[in-house]
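J.:
In this note's numbering, the protein residues as written are 603 to 760.
1) What are the residues that DSSP puts in a beta bridge with residue 657?
2) Which residues bound the beta strand (DSSP E) around residue 690?
3) Determine the DSSP secondary structure at residue 637, reduced to helix, strand or coil.
4) Under 9 Å, do residue 623 and residue 651 count as touching if we go by C-beta distance?
5) Relative to the C-alpha of residue 716, which candidate in 737, 621, 728 has its C-alpha closest?
6) May I ask which residues mark the beginning and end of the alpha helix (DSSP H) holding residue 729?
7) Please report the residue range of the beta strand (DSSP E) in which residue 622 lies.
8) Indicate whether residue 692 and residue 673 have their beta-carbon atoms separated by less than 9 Å.
9) What's the call for residue 689, buried or exposed, on a 16-neighbour Cβ count within 10 Å?
10) Please report the distance separating the alpha-carbon of residue 613 from that of residue 745.
11) Please say whether residue 720 and residue 818 have beta carbons closer to each other than 9 Å?
12) By Cβ distance, which residues of its chain are closer than 6 Å to residue 681, with the 5 residues on each side in sequence left out?
13) Which residues mark the beginning and the end of the beta strand (DSSP E) in which residue 680 is found?
14) To the nearest angstrom, report how far apart residue 723 and residue 730 are at their CA atoms.
15) Relative to the alpha-carbon of residue 620, which residue among 644, 626, 628, 638 has its alpha-carbon at the smallest distance?
16) Let me confirm a value: residue 743 is counted as buried when at least 16 other C-beta atoms fall within 10 Å, else exposed. Which label applies?
This is the structure in structure tokens:
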């Protein structure tokens, strides 16, 4: 579908069902955002085989695991991920469940300038390791997700 749309620059995948491992090949895509939050999240792995103009890749949902394999993304500069994102860039394997596990170092990791992290709880060890994984990092944004029931409980105390 994307290959037949030569002018698509932005792809937002929300609550996609029926596609467990979508593969993307696009010469024009500049941004991909994925939110697989649904009662039955069907996207387990997103494979970006070739996206030579892709600049931004974001996983929006911290509640559901997503494996992202970016095989050819030479212009990727902005990366958004959560605790439940597993990233593979060429030979670089970054796993985020108990902190990242990094294998090898792809040239893409050297080009990431902006990193956006969404975490259920703040894990400074993971943040520091990610900062060393991406040596050209210029901007780091961290969002810690606070459970609403805790806020409600604190509100009741006062």
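The beta carbon of each residue, even a glycine, is placed where N, CA and C say it ideally should be.
T.: Short version:
1) Taking the chain shown and counting its residues from 1, one reaches residue 657 at position 55. According to DSSP, which records beta bridges pairwise, residue 657 is partnered with nothing at all.
2) For the purposes of this step, residue 690 is taken as residue 88 along the chain shown, with counting starting at 1. Start and end: 687-691.
3) As a first step, residue 637 must be located in the chain shown, where it is residue number 35. Three-state result, residue 637: strand.
4) To locate residue 623, count along the chain shown from 1; it is residue 21. To locate residue 651, count along the chain shown from 1; it is residue 49. Contact: no.
5) Mapped onto the chain shown, residue 716 falls at position 114. Checking every option, the nearest Cα to that of residue 716 belongs to 737.
6) As a position in the chain shown, residue 729 is number 127, starting the count at 1. Annotation for residue 729: the continuous alpha helix (DSSP H) segment containing it runs 726-735.
7) Locating residue 622 in the chain shown gives position 20, where the first residue counts as 1. First-last for residue 622: undefined, no H or E at that position.
8) The count along the chain shown starts at 1 and reaches residue 692 at position 90. The count along the chain shown starts at 1 and reaches residue 673 at position 71. Yes; because the gap between Cβ atoms is below 9 Å, this pair is in contact.
9) Here residue 689 refers to the residue found at position 87 when the chain shown is read from its first residue. In this structure residue 689 is buried. Its beta-carbon is surrounded by 16 or more other beta-carbon atoms within 10 angstroms.
10) For the purposes of this step, residue 613 is taken as the residue at position 11 of the chain shown. For the purposes of this step, residue 745 is taken as the residue at position 143 of the chain shown. C-alpha separation (whole angstroms): 23 Å.
11) Here the chain comprises residues numbered 603 to 760, so residue 818 is not present and cannot be evaluated.
12) Stepping through the chain shown from its first residue, residue 681 is reached at position 79. Result list for residue 681: 659, 714, 717, in chain order.
13) Position 78 of the chain shown holds residue 680. Where residue 680 is concerned, the enclosing beta strand (DSSP E) starts and stops at 680-684.
14) Sequence index remark: in the chain shown, residue 723 carries index 121 (1-based). Sequence index remark: in the chain shown, residue 730 carries index 128 (1-based). The alpha-carbon of residue 723 is positioned some 15 Å away from that of residue 730.
15) As a first step, residue 620 is located in the chain shown; it is residue number 18 there, counting from the start. Among 644, 626, 628, 638, the Cα nearest to that of residue 620 is on 644.
16) Locating residue 743 in the chain shown gives position 141, where the first residue counts as 1. When all chains shown are included, residue 743 counts as exposed.
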